[in-house]
Amino acid sequence: MRKRTVGATQAKYALLNEDQAVFALTLSRNTPQVVQLKLDLTRAFRDARHQTKAKVEPQSFFSNTRIQRFIVGWVERNPPLL
């Protein structure tokens with residue numbers, strides 16, 4: 001956590017990841033300001049995820065052979081109801 005001097009007062013801020021920020025906000029009462037902060041934070045993390053996904057080449061869910069084996073095994077044990 002860093003302190004930054006702003007005029008006559010000091011402001012404290014911390015860099016949090018999404019899980020830490022969500023946890024911290026769940027401890028706050030749902031005042032109108034907190035509700036707006038939760039909404040803004042949710043949108044900010046969503047936008048960051050979308051920007052990150054756009055930069056990374058998407059990977060197919062089924063490209064992982066371990067996942068393929070899991071799905072095939074699950075389907076064999078749980079045949080579809082027709």
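In full-length UniProt numbering, the protein residues as written are 1 to 82.
Built from N, CA and C at the ideal position, the CB exists for glycine as well.
Asked	Found
At which residues does the alpha helix (DSSP H) containing residue 26 begin and terminate?	18-26
Does the distance from the CB of residue 25 to the CB of residue 41 come in under 8 Å?	yes
Our contact map puts residue 76 next to residue 45 with C-beta atoms below 8 Å; I'd like the distance itself, whole angstroms only.	In fact, because the Cβ distance is near 38 Å, the residues do not count as touching under 8 Å.
Assuming residue 34 and residue 28 make a contact with CB atoms under 8 Å, what is their CB distance in whole Å?	5 Å
By how many angstroms is the C-alpha of residue 12 removed from the C-alpha of residue 51?	28 Å
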